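Each residue of the sequence shown is one higher than the one before, counting from 1424 in my numbering.
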Amino acid sequence: MTRNKSQALSLLALAFAFAICLFVAWTGPSSDGQASEVASCADVHCLDGWCDSCSVGFIAGTEVSSKLVFDALDAHGHEYESESIDCESCQEAITTSDYCLDCSRGYWEGKAYFSVLSYQIAKAERGVEPGCAGCKAAVDEARWCSECLCGRIGDVSIRNRDDFEKAAGAFMVLRKALEEVQRCELCAASMAIDGTCPRCKIAYRRGHARPLER
1424 MTRNKSQALS LLALAFAFAI CLFVAWTGPS SDGQASEVAS CADVHCLDGW
1474 CDSCSVGFIA GTEVSSKLVF DALDAHGHEY ESESIDCESC QEAITTSDYC
1524 LDCSRGYWEG KAYFSVLSYQ IAKAERGVEP GCAGCKAAVD EARWCSECLC
1574 GRIGDVSIRN RDDFEKAAGA FMVLRKALEE VQRCELCAAS MAIDGTCPRC
1624 KIAYRRGHAR PLER
């Protein structure tokens, strides 16, 4: 896939996130003061959801303060039509349930994911009790336990070491991206999904910024 086409897909992902944010705004509390029913933090914490009441989301049990970043991560993936995808690498990834590095898209159990983190979490185990003190300590960090032979990221367990390292790297990028929210929320969302900020014209790859040629 060409670089321009890859950048176009990244911008499309951000546009999709914008559409979701606008939909939430339009369907929020009505003008008569009656608020729509929303899930609580307790409900969404383990479901990679967003709490409207507290304006905070969670992914792998980790707090995400930006709605735009949360939507861009595409925590639950989305359905797709394989015949509409013309990238050969993506088609191969669909067949092997793998990740396309050219497009920054992962495919797992019939769904596509916009980020490495959401793709790896979709493959991981949930609800597994920590097996030792070291695993229990991995609440706000990514940690591989040599005793349990398992990686932990928040409330997620990953038993394949290579998958864990990829997820851990993406998790660190997310934390770095959240630090950019105050400066530019679009940059933060772009960094989280290896995308391009349409406002600042900065492309991101694995947390590193590269200004586009003007």
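Virtual Cβ for every residue (Gly too), placed ideally from N, Cα, C. Remember, it's a predicted structure, so these values are computed and weren't measured experimentally.
Glu1548 versus Asp1578: straight-line alpha-carbon distance, rounded: 9 Å
Extent of the continuous beta strand (DSSP E) run through Ile1625: 1625-1628
Contact belief for Ile1616 with Ser1476 at Cβ below 8 Å, rounded distance in angstroms: Wrong, their Cβ atoms sit about 26 Å apart, outside the cutoff.
Taking Cβ positions, are Ala1632 and Phe1594 nearer each other than 7 Å? no
The alpha helix (DSSP H) with Val1492 in it runs from where to where? 1490-1496
Within the same chain, show all residues whose beta-carbon is closer than 7 Å to that of Phe1587, passing over the 5 residues directly before and after it, in chain order. Trp1567, Gly1574, Ile1581
Go ahead and pull the three-state DSSP assignment for Ala1593. helix
Please state if the CB of Gly1550 and the CB of Cys1571 are separated by a distance shorter than 7 Å. no
Using a Cβ-Cβ cutoff of less than 8 Å, which residues in the same chain neighbour Lys1599 once the five nearest sequence positions on both sides are dropped? Met1614, Gly1630
Could you check what DSSP says for Glu1486 in three-state terms: helix, strand or coil? strand
Hey, could you find the ends of the beta strand (DSSP E) Ser1580 is sitting in? 1579-1581
Rounded to the nearest angstrom, what separates Ala1590 and Gln1543 at their Cα positions? 6 Å
Same chain, Cβ closer than 6 Å to Ile1517, five either side skipped, listed in chain order: Ser1505, Tyr1530
Bridge partners of Glu1548, per DSSP? Ser1580
Applying the 10 Å Cβ sphere with the 16-neighbour rule, what's the burial state of Ala1556? exposed
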